[in-house]
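Visitor: Quick one: this structure, given as structure tokens, is what I'll be asking you about.
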Amino acid sequence: MSARPSATATAGPSARVPGLGRREAAIFLSFADTVLAPRPPLPAVADTDALAAFARFLGASPGPNRIALRAGLRALDAGPRALGFRRGLCALAPERRLAYVQRLQAGPLAGPVKALVGLAAVSYYGDDRVMGLLGYDADARLARARELREREGRW
Amino acid sequence: MNDTGDGVRPTGERAYRDGTGTFHPPQRRVEDGRRQRVGRTVEVDACVIGSGAGGAPVAKELAEGGMRVAVLEEGDWWETEQFNARPREMMPQLYRDAGQVVTLGTPPIVLPLGRAVGGTTVVNSGTCFRTPGPVLELWRREFGLEALGEAELEPYFRRVERILNVSQVPPALAGRNAEVVRRGAERLGLSGDYLYRNVRGCVGTGVCAYGCPTGAKQHVGITYLPRAWAAGAVTYASTRAERLDMAGNQVRGVIARAAGGGTLRVRCPRVILSCGTIHTPLFLRRQGIGGASGQLARNLSIHPATGVRAGFDERIDQWDGVPQSYYVDALADEGIMLEGAAGPPDYLAMSTPHTGPEHRETMLRARTLASFGVMVSDSSRGRVVRAPGRGRGGALVRYDLDDADTARFKRGIELLCDIYWAAGAREVVLPIAGLPTLHDGDSGPLRRARVRARDLTLMAFHPLGTARAGADPARAVVDPGLAVHGVRGLYVSDGSVVPSSLGVNPQITIMALATRLAFALLGAPAPAGEPAPEHMARPAIHRAHAAVGG
Ligand SMILES: Cc1cc2nc3c(=O)[nH]c(=O)nc-3n(C[C@H](O)[C@H](O)[C@H](O)COP(=O)(O)OP(=O)(O)OC[C@H]3O[C@@H](n4cnc5c(N)ncnc54)[C@H](O)[C@@H]3O)c2cc1C
Ligand code: SF4
Chain A
1 MSARPSATAT AGPSARVPGL GRREAAIFLS FADTVLAPRP PLPAVADTDA LAAFARFLGA
61 SPGPNRIALR AGLRALDAGP RALGFRRGLC ALAPERRLAY VQRLQAGPLA GPVKALVGLA
121 AVSYYGDDRV MGLLGYDADA RLARARELRE REGRW
Chain B
156 MNDTGDGVRP TGERAYRDGT GTFHPPQRRV EDGRRQRVGR TVEVDACVIG SGAGGAPVAK
216 ELAEGGMRVA VLEEGDWWET EQFNARPREM MPQLYRDAGQ VVTLGTPPIV LPLGRAVGGT
276 TVVNSGTCFR TPGPVLELWR REFGLEALGE AELEPYFRRV ERILNVSQVP PALAGRNAEV
336 VRRGAERLGL SGDYLYRNVR GCVGTGVCAY GCPTGAKQHV GITYLPRAWA AGAVTYASTR
396 AERLDMAGNQ VRGVIARAAG GGTLRVRCPR VILSCGTIHT PLFLRRQGIG GASGQLARNL
456 SIHPATGVRA GFDERIDQWD GVPQSYYVDA LADEGIMLEG AAGPPDYLAM STPHTGPEHR
516 ETMLRARTLA SFGVMVSDSS RGRVVRAPGR GRGGALVRYD LDDADTARFK RGIELLCDIY
576 WAAGAREVVL PIAGLPTLHD GDSGPLRRAR VRARDLTLMA FHPLGTARAG ADPARAVVDP
636 GLAVHGVRGL YVSDGSVVPS SLGVNPQITI MALATRLAFA LLGAPAPAGE PAPEHMARPA
696 IHRAHAAVGG
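Protein chains in written order, with this note's numbering: chain A, 1 to 155; chain B, 156 to 705.
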């Protein structure tokens with residue numbers, strides 16, 4: 001009845017995902033890269049399906065949240081200029097980006113930034129490959145579950 | 156079924172692990188609202204709005220008692236095989252507003268609510284406690300709920316627990332996350348125990364809050380509703396009740412909107428409202444009903460909670476085993492319970508308090524991190540209002556944590572730190588802004604800190620009280636029989652009627668009250684012959700907490 005979540009391709013920096021503009025996608029990738037700072041063995045954010053997952057979250061969010069989250073992304077990009085960093089988020093060097101986000105976290109926008117960090121984190125760490133690197137294998141659990149359901153006539 | 160025949164129901168390891176004996180109805184009577192594009196009318200004896208902990212048991216008992224029953228549920232029907240053990244994928248689908256319901260106030264608190272056939276029980280952790288005796292006594296004293304004593308409720312609890320196969324988590328399935336906390340608590344001589352849960356054949360897959368993929372968790376969508384269907388009830392999934400049809404102060408039916416666009420009219424002389432604590436009061440308010448006491452949509456308690464992480468030198472893999480399997484009740488009389496709060500890496504990442512390289516380093520140590528929760532029986536109270544611009548379903552929840560509850564959090568977190576140190580933790584990550592990660596057994600920075608409500612990172616899973624029950628129509632929204640004061644044929648059966656915070660997880664309380672309501676509507680005496688559980692959780696709660704805020 002309800003659609004099963006579809007497997008999604010990874011997204012390069014200029015990828016398009018439904019529900020998110022190209023610019024917003026780039027800001028999300030830059031923001032996620034800043035706040036999660038993945039380094040090997042963890043893959044880059046753009047090499048995972050984090051962007052598509054984030055877009056799905058947006059799609060399932062109530063209208064006002066969706067608008068606020070998208071506006072929040074754009075404001076994140078515009079914000080550094082207002083704080084004297086001279087460039088937008090995406091154009092800043094990685095250390096400067098982190099300094100900027102941490103400044104936001106210490107100010108009155110801490111709440112919304114925390115929400116975006118949480119969404120970026122769940123979007124990235126929910127990628128199957130990333131979860132696998134940390135020792136979690138969803139498919140193995142599902143195989144066991146299927147076997148139990150069939151053997152014991154469970155729902 | 157699982158009754159030993161001598162009137163005692165097993166609640167030990169065998170009962171917990173046995174996955175056989177699932178009830179399947181001859182016919183699944185679920186209608187998919189997404190396919191309903193045209194108007195239709197049905198006539199029944201009772202219409203239940205909402206299919207969660209409060210709604211499903213009423214539907215089942217009324218249908219088995221001979222009534223024709225319709226259940227309306229806004230959320231979708233989910234097959235167990237659709238649950239994919241991936242929190243990131245399941246959360247936007249099984250939770251209302253993709254899990255983004257957040258209270259307004261200090262601090263903002265994430266308040267997840269389920270939205271599916273089975274309600275929040277589809278995504279809950281499965282922990283089962285009866286209503287503590289002192290809480291029932293408080294209700295009697297404060298709200299005139301004379302008939303809700305422990306003895307009076309006993310047959311209803313037994314019945315609910317039998318249907319849900321409530322049994323105790325065996326240590327081998329509790330996971331290493333619980334094991335370290337049990338070890339620490341035992342070293343400190345603190346009382347605690349393995350939790351009792353509604354499962355049948357649980358294997359510790361670790362994703363209860365995202366839909367149990369093994370079908371072990373006995374949520375009401377696969378326990379109560381199938382029994383209701385077998386007795387003729389129909390569940391209208393993806394169908395949202397919009398308003399009541401009234402003739403004066405007598406209910407005549409419900410008008411609902413199916414997701415496919417069609418209108419469903421239900422003609423019936425009685426309606427049971429079970430939309431949950433956040434949405435039931437708004438539904439009543441839209442109708443201009445239930446407001447006479449001035450208490451509708453107020454008195455919201457939520458059991459605010461937080462998670463505390465600890466790093467160990469040993470492998471924990473907190474996603475292996477039952478995520479909520481153990482509790483420590485050493486401070487239960489102060490309104491503080493510690494309960495397991497584990498999950499897969501994406502769940503963990505979402506609530507990791509750091510940013511940048513620190514976030515990464517924490518996550519790279521995920522396999523050695525333990526997570527446990529501190530839950531507070533709150534004296535703070537909030538309220539619910541309609542969200543402007545969100546159509547009929549939008550709710551805003553207003554809630555500020557008071558000083559007493561803030562102090563409870565500090566005390567509970569301190570105790571959990573002691574437990575972690577006693578268990579051998581290297582570091583403890585606090586959910587408190589401005590405080591550093593603690594190292595080497597030193598809780599000094601936490602003990603010395605002045606913790607303010609706004610510093611805490613909180614979630615809440617147990618909203619209660621917004622249509623509270625009570626004998627005095629001037630102080631309560633529903634009467635002791637759960638009928639809305641002053642309206643004929645309208646009842647409330649969900650968390651909203653529970654008049655105070657409980658200090659324990661509420662699903663069994665809600666289900667027992669729902670069962671009692673159904674028996675009363677059928678004019679039947681309390682169920683006789685229900686087997687006594689071999690054992691049941693006995694948290695050390697000797698006194699109740701505030702009935703009203705402050
Ligand atoms: C993550 C999580 C873990 C939890 N763990 C535990 C636990 O371990 N033990 C425990 O005791 N409790 C737990 N709880 C809480 C427990 O599940 C709830 O207290 C309980 O399910 C509430 O029952 P209810 O009937 O009030 O509401 P719900 O179970 O939420 O059911 C309400 C239903 O009504 C539907 N609805 C609302 N409005 C309408 C409408 N207009 N038309 C049609 N349908 C409508 C909703 O979609 C929903 O499905 C947990 C909760 C969460 C979120
Ligand atoms: S631990 Fe796994 S098998 Fe057990 S109830 Fe939770 S999800 Fe189901």
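For every residue, glycine included, the Cβ atom is placed at its ideal position computed from N, Cα and C.
Where does the unbroken beta strand (DSSP E) through B:L556 begin, and where does it stop?
Guide: In the second sequence, counting from the first residue as 1, residue 556 of chain B sits at position 401. Where B:L556 is concerned, there is no enclosing beta strand (DSSP E), given that its DSSP letter is neither H nor E.
Visitor: Nearest chain B C-beta to A:D61 closer than 8 Å, yes or no?
Guide: Position 61 of the first sequence, counting from 1, holds the residue named residue 61 of chain A. It should be noted that the sequence gives Ser, not Asp, for residue 61 of chain A. Yes, A:S61 lies at the interface with chain B (some Cβ there is under 8 Å from its Cβ).
Visitor: Would you say A:G107 reaches chain B, if we count a Cβ-Cβ gap shorter than 8 Å as a contact?
Guide: What you label residue 107 of chain A is simply residue 107 of the first sequence in a count that begins at 1. Judged by the 8 Å Cβ criterion, A:G107 is not in contact with chain B.
Visitor: Quick check: is any heavy atom of ligand 1 less than 7 Å from the C-beta of B:C430?
Guide: Stepping through the second sequence from its first residue, residue 430 of chain B is reached at position 275. Because some heavy atom of ligand 1 lies under 7 Å away, the Cβ of B:C430 counts as near it: yes.
Visitor: Beta carbons nearer than 8 Å to chain B: which residues of the region 58-92 of chain A have them?
Guide: Those would be G59, A60, S61, P62, G63, P64 and N65, in chain order.
Visitor: By the criterion of Cβ-Cβ separation under 9 Å, what are the contact partners of A:T34 in chain B?
Guide: Residue numbering aside, residue 34 of chain A sits at position 34 when the first sequence is read from its first letter. Simply T510 and G511.
Visitor: Let's see if you can read the secondary structure: which residues bound the beta strand (DSSP E) around A:S30?
Guide: In the first sequence, residue 30 of chain A corresponds to position 30, counting from 1. Careful: A:S30 lies outside any beta strand (DSSP E), inside the alpha helix (DSSP H) at R22 to L36.
Visitor: Anything with a beta carbon under 6 Å from a heavy atom of ligand 2 counts; list them all in chain order.
Guide: Taken from the N-terminal end onward, the list reads B:G281, B:V354, B:C357, B:V358, B:G359, B:T360, B:G361, B:V362, B:C363, B:C367, B:T369, B:A371, B:K372 and B:V477.
Visitor: Quick check on the DSSP output: the alpha helix (DSSP H) that includes B:A211 runs from which residue to which?
Guide: On the second sequence, position 56 is the one that residue 211 of chain B refers to. Run containing B:A211: G210 to E219, per the alpha helix (DSSP H) assignment.
Visitor: Between which two residues does the alpha helix (DSSP H) carrying A:I123 extend?
Guide: For the purposes of this step, residue 123 of chain A is identified with residue 123 of the first sequence, where counting begins at 1. For clarity, residue 123 of chain A is Ser in the given sequence; the question names Ile instead. A:S123 -> alpha helix (DSSP H) spans A110 to Y125.
Visitor: What are the residues in the region 556-587 of chain B lying within 9 Å of chain A by C-beta distance?
Guide: Here the close residues number zero.
Visitor: Starting from A:A37, find everything on chain B with Cβ-Cβ shorter than 7 Å and list it in chain order.
Guide: The sequence position of residue 37 of chain A within the first sequence is 37, counting from 1. Correct list: G511, P512, H514 and R515.
Visitor: Per the contact definition of three or more C-beta pairs closer than 8 Å, is the region 690-698 of chain B in contact with the region 346-354 of chain B?
Guide: Because the criterion of three Cβ pairs below 8 Å is met, the region 346-354 of chain B and the region 690-698 of chain B touch.
Visitor: Is there contact between the region 477-488 of chain B and the region 112-130 of chain A, where contact requires at least three CB pairs shorter than 8 Å?
Guide: No: fewer than three Cβ pairs fall under 8 Å.
Visitor: Return the residues of the region 376-388 of chain B that lie within a Cβ-Cβ distance of less than 7 Å from chain A, sorted by chain order.
Guide: Answer set for the region 376-388 of chain B: I377.
Visitor: So, are the CB atoms of B:L493 and B:G528 less than 8 Å apart?
Guide: Walking along the second sequence from the start, residue 493 of chain B turns up at place 338. Walking along the second sequence from the start, residue 528 of chain B turns up at place 373. Contact flag set, yes.
Visitor: At which residues does the alpha helix (DSSP H) containing A:Q105 begin and terminate?
Guide: Position 105 of the first sequence, counted from the start, is the residue given in the question as residue 105 of chain A. Note, A:Q105: alpha helix (DSSP H), P94 to Q105.
Visitor: Thinking just about the alpha-carbon of each residue, which of B:G176, B:P287, B:V256 and B:G274 is nearest to the one in B:L266?
Guide: As a first step, residue 266 of chain B must be located in the second sequence, where it is residue number 111. Comparing Cα-Cα distances from B:L266 to each of B:G176, B:P287, B:V256 and B:G274, the minimum goes to B:V256.
Visitor: Quick one: Cα of B:V483 to Cα of B:H374, how far?
Guide: In the second sequence, the residue the question calls residue 483 of chain B occupies position 328. In the second sequence, the residue the question calls residue 374 of chain B occupies position 219. If you take the alpha carbons of B:V483 and B:H374, they lie about 25 Å apart.
Visitor: Could you check whether the region 612-630 of chain B touches the region 293-305 of chain B, counting it as contact only if at least three pairs of C-beta atoms, one from each stretch, sit closer than 8 Å?
Guide: A contact exists between the region 612-630 of chain B and the region 293-305 of chain B.
Visitor: Please tell me whether, using a cut-off of 7 Å, the distance from the CB of B:A550 to the nearest non-hydrogen atom of ligand 1 is below it.
Guide: On the second sequence, residue 550 of chain B is found 395 positions in, with the first residue counted as 1. Flag unset: Cβ of B:A550 not near ligand 1.
Visitor: Could you tell me if B:T196 is buried or exposed, where buried requires 16 or more neighbouring beta carbons within 10 angstroms of its beta carbon?
Guide: In the second sequence, counting from the first residue as 1, residue 196 of chain B sits at position 41. When all chains shown are included, B:T196 counts as exposed.
Visitor: Hey, would you say the C-beta of B:N320 is under 7 Å away from at least one heavy atom of ligand 1?
Guide: The residue given as residue 320 of chain B occupies position 165 in the second sequence. It does not: the Cβ of B:N320 is nowhere closer than 7 Å to a heavy atom of ligand 1.
Visitor: Return the residues of the region 319-349 of chain B that lie within a Cβ-Cβ distance of less than 8 Å from chain A, sorted by chain order.
Guide: For the region 319-349 of chain B, which is checked against every Cβ of chain A, not one residue is closer than 8 Å.
Visitor: Less than 8 Å between CB atoms is the rule here; does A:A25 satisfy it with respect to chain B?
Guide: In the first sequence, residue 25 of chain A corresponds to position 25, counting from 1. Answer no: the Cβ-Cβ gap between A:A25 and chain B never drops below 8 Å.
Visitor: With contact counted as at least three CB pairs below 8 Å, one residue from each stretch, are the region 64-74 of chain A and the region 133-151 of chain A in contact?
Guide: As far as the Cβ criterion goes, the region 64-74 of chain A does not touch the region 133-151 of chain A, which means the pair count is below three.
Visitor: Taking 7 Å as the cut-off, is the beta-carbon of B:T621 closer than that to any non-hydrogen atom of ligand 1?
Guide: As a working mapping, residue 621 of chain B is identified with position 466 in the second sequence. No, the Cβ of B:T621 stays beyond 7 Å of every heavy atom of ligand 1.
Visitor: Listed in chain order, which residues of the region 686-699 of chain B have Cβ atoms closer than 8 Å to some Cβ of chain A?
Guide: Listed by position, the residues of the region 686-699 of chain B near chain A (Cβ gap below 8 Å) amount to none.
Visitor: Taking a cut of 7 Å between CB atoms, which residues from the region 457-474 of chain B lie near chain A?
Guide: Listed by position, the residues of the region 457-474 of chain B near chain A (Cβ gap below 7 Å) are D472 and W474.
Visitor: Rounded to a whole number of angstroms, what is the C-alpha to C-alpha distance between B:P680 and B:R241?
Guide: If you number the second sequence from 1, residue 680 of chain B lands on position 525. If you number the second sequence from 1, residue 241 of chain B lands on position 86. Approximately 45 Å between the Cα atoms of the pair.
Visitor: Closest to B:R398 by CA distance: which of B:L227, B:T670, B:G636 and B:L217 is it?
Guide: Position 243 of the second sequence, counted from the start, is the residue given in the question as residue 398 of chain B. For the residues B:L227, B:T670, B:G636 and B:L217, the minimum Cα distance to B:R398 belongs to B:L227.
Visitor: Specify, as a first and last residue, the run of the alpha helix (DSSP H) that A:E152 falls within.
Guide: For the purposes of this step, residue 152 of chain A is taken as the residue at position 152 of the first sequence. A:E152 -> alpha helix (DSSP H) spans A138 to E152.
Visitor: Taking only runs of the alpha helix (DSSP H) that begin and end inside the region 566-618 of chain B, which ones reach a length of at least 4 residues, in chain order?
Guide: Counting whole runs of 4 or more residues, the region 566-618 of chain B contains the alpha helix (DSSP H) stretches 599-603.
Visitor: Against chain B, with Cβ distances strictly below 8 Å, would A:L142 count as a contact?
Guide: Position 142 of the first sequence, counted from the first residue, corresponds to residue 142 of chain A. Closer than 8 Å: yes.
Visitor: B:E292 lies in the alpha helix (DSSP H); which residues open and close that run?
Guide: Walking along the second sequence from the start, residue 292 of chain B turns up at place 137. Run containing B:E292: G288 to F298, per the alpha helix (DSSP H) assignment.
Visitor: What in chain A is Cβ-close to B:Q479, meaning under 9 Å?
Guide: Translated into the one-based positions of the second sequence, residue 479 of chain B becomes position 324. Those within 9 Å of B:Q479 in chain A number zero; the least Cβ separation is about 17 Å.
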